[in-house]
Amino acid sequence: MSTALEDLIFNPPAELASNANAKPEIYEKANADRLGFWDGLAKELVTWFEPYDNVLDDSNPPFFKWFTNGKLNVSYNCVDRHANSHKKDKVAILYESEIGRKVSLTYGQLYIEVNKFANALKEIGVKKGDRVTLYMPMIPEAAIAMLACTRVGAAHSIVFGGFSSEALRDRINDAQANVLITADGNFRRGKPFPLKANVDKALEDTPSIEKVVVVKNAGNEVSFVEGRDVWYHDVMAKAADYCEPEKMDAEDMLFILYTSGTTGKPKGVVHTTGGYLVQTQATMKYVFDIKEDDIYWCTADIGWITGHSYVIYAPLALGATTFMYDGTVDYPEKNRMWDMAERYGVTVFYTAPTAIRTFMKWGAEYPKKHDLSKIRLLGSVGEPINPEAWMWYRENIGSNKAPIMDTWWQTETGAFMITPLPGITPLKPGTATNPFPGIEVDIIDENGNSVEVGYLVIKSPWPSMLRTVYGDDDRYVDQYWKRFGKYYFAGDGAKRDEMGYIWVTGRVDDVLNVSGHRLGTAEIESALIEVKEVAEAAVIGRKHEVKGEAVCAFVILKEGVNNSPELIDKMKKHVATKIGALARPDDIIITADLPKTRSGKIMRRLLRDIAEGRAVGDTTTLADPNVMANLKDKYADTEH
Ligand code: PRX
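Structure (structure tokens):
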């Protein structure tokens, strides 16, 4: 009998194990003295202007503080200390655009750019403590802008370039940003995508914005508002080339990143300076085993946490070479990614299961055209990776030898939490395996008892944890700490296998994961309800072969409104305009009723059963049990 894929075990390659940054003692060390472990890493990995006096202040939970009173600057750690060392001429950022524009910036060059842009920001009025919104493509100027914000002590809030102008407007207003940095546009499948036009629309209703800096990137025409808009190249031409880095407190805000939650309003996840810089670097060093000559490529966009932590901050703080690509993965051909991986000699490659499944669908002939033998380590993030995709990734991208680091973490955790270590952990396809050293995780039931299958929780504070929801401490407490008291509730379900490995099974709250991107059911529902013909909507994620989950909406129309293909199209378009293309529903099922409890709560679990063709679960709490049979018929009749 053949072994099921998820039961296969892959031991660390001997050579990798003997040279790995992390040796087995790392777990013992962290277990013996958890805070001492983080203390050692903070001293080793961060250059502090002034030392901290306490590793962890847990006197006011869940408002934890790390490395209290320590002073540092993130841009200094990511740039200055390398530019002032033997790494001055080492490449920090490698970049290629979809149409083939190439940039390579050494640490010495990056230092000058960051200093100049920091001065430019000051010149247009950015001060320590301000919020600056970025709505940018994956271009080196985005990295420069992030670092320049940290240099002057302003917190950035990056809004993914694929989000709509309305989403951008709401995030600017929530953060009360005074400056916005954007670009004219960027290329998508060879055509310019008009970022600045979206910005202009958003800024019709954002009173806090005083200045807009625009990078000339795609060359598309843009309109300028006199006195508000300035070109990046103009402000850079006038900027002096040294800017003293602000001395930031370890607990000063580094950035806000909006993410979807269980209500319609996105949450501004707040990360601070010291702990974030410690844990992102520690995880990158030990999990991706970064070495002096690595060429590292994380495919995430800077608009997501993965782009923040593992395209920019961790690799640069460690003095590594990070590659950025701005474009679609199949332009001009389906081998684009592998062509670049070969040309740049990529050694460590990090992507998401949805991308792997897309590559898998296209076929192995595309990676086979290229020499990928330099890739020595692979990473996966964003959703559970199915064992088939895991095997395909290892065989076709990892030349059947590269270990896969399946890293579980979240916008809120800032850095990896559950992950193998490449020289130590025997791998099984589909599991993120063990907590990172110094991280305490458990699986518990409703009553807080440790169980084999249940809710994933984090039992003690960790350095790169979120500190609050911007402007809303109550929401922070309610969302993450109310349910289990002293444990952080991640919103995921998990199970433990006989080796003690943790298998994260997906969200257990009303959050969807579409192509590794987080969307709240409530956000999509409120967009649908804005369509004047709609009376009520319930959104769920149903399993999807490539995207992981597809958005599936059950909609009740107002009295007297007839269903039509045009109306369905209008609803889909409205969601895309309101939130962004990635939220566009795949299916809209028009129904007369929704399954509700007697107290009126929609039972989305039952809708998921229908959409995934399962026997419908327990319906005893339904106000009207007949609803389910009607819905099942409706779903079968709808094209999807
Ligand atoms: O459900 C988990 C899933 O992605 C969620 C976090 O989404 P976000 O904050 O957008 O961050 C994504 C990138 C860190 C988690 O609650 N998730 C992320 N990584 C994994 C995962 N699920 C299973 N395995 C993973 N490796």
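All residue numbers for the sequence shown refer to my numbering, where the first residue is 568 and numbers rise by one. Don't be surprised by glycine CBs; every beta carbon is placed ideally from N, CA and C.
If contact is defined by three or more beta carbon pairs under 8 Å, each pair taking one atom from either stretch, is the segment 817–824 in contact with the segment 837–847? yes
8 Å contact criterion, which SER731 and THR1144 should meet: CB distance rounded: 6 Å
Mind checking whether LEU747 and VAL766 have CB atoms under 8 Å apart? yes
Cβ atoms of ARG1085 and THR826: under 8 Å apart, would you say? yes
heavy atom of the ligand PRX below 7 Å from ASP1059 C-beta: yes
Quick one: using the 10 Å Cβ neighbour count with 16 as the cut-off for buried, is ARG1034 buried or exposed? buried
Under a Cβ-count criterion, where at least 16 other Cβ atoms within 10 Å of its own Cβ denotes burial, should ASN967 be classed as buried or exposed? exposed
For LEU945, the three-state DSSP class (helix, strand or coil): strand
Would you kindly report the start and end of the unbroken beta strand (DSSP E) that includes LYS834? 834–839
So HIS1111 is in the alpha helix (DSSP H); what residue range does that whole segment cover? It is not in any alpha helix (DSSP H) - HIS1111 instead sits in the beta strand (DSSP E) that spans 1101–1111.
Neighbourhood of LYS1110 by C-beta distance below 6 Å, restricted to the same chain and skipping five residues each side: GLU1179
Can you name, in chain order, every residue of its own chain whose Cβ lies under 7 Å from the Cβ of LEU1124, other than the five neighbours on each side? GLU1100, VAL1101, ALA1102, ASN1130 and ILE1157
MET891 and TYR662 closer than 8 Å at C-beta: yes
Helix, strand or coil: which one does DSSP assign to ILE739? helix
Limits of the unbroken beta strand (DSSP E) element including ALA1117: 1115–1124
Check each candidate in SER1082, ALA1105 and GLY1083 and name the one with the smallest Cα separation from SER1093. ALA1105
Beta-bridge pairing of GLY1073 - partner residues as DSSP gives them: GLY1060
Compute the beta-carbon to beta-carbon distance between ASP1176 and GLY1184, rounded to the nearest angstrom, for a pair I have assumed lies under 8 Å. 6 Å
Is the segment 775–786 in contact with the segment 797–815, if contact means three or more CB pairs nearer than 8 Å? yes
Would the C-beta of PRO951 count as close to the ligand PRX, meaning under 7 Å from any of its heavy atoms? yes
Can VAL1071 be considered in contact with the ligand PRX, in the sense that its beta carbon sits closer than 7 Å to one or more heavy atoms? yes
Do ILE1063 and the ligand PRX come close, with the Cβ less than 7 Å from some heavy atom? Here the sequence assigns Arg to residue 1063, which means Ile is not the residue at that position. No, the ligand PRX has no heavy atom inside 7 Å of this Cβ.
Cβ-Cβ distance between THR1188 and THR1164 below 8 Å: yes
Residue from SER652, THR773 and LEU883 whose Cα sits closest to the Cα of CYS645: LEU883
Whole angstroms is fine: what's the gap from LYS1168's alpha carbon to GLY828's? 18 Å
Closest by CA to MET815, which one among LEU735, GLY1005, LYS689 and THR635? THR635
Pull up the distance between the alpha-carbon of MET568 and that of ILE1146, whole angstroms please. Residue placement at MET568 is poorly supported in this model, since its pLDDT is 47, which falls under 50; the coordinates are not used for a value here.
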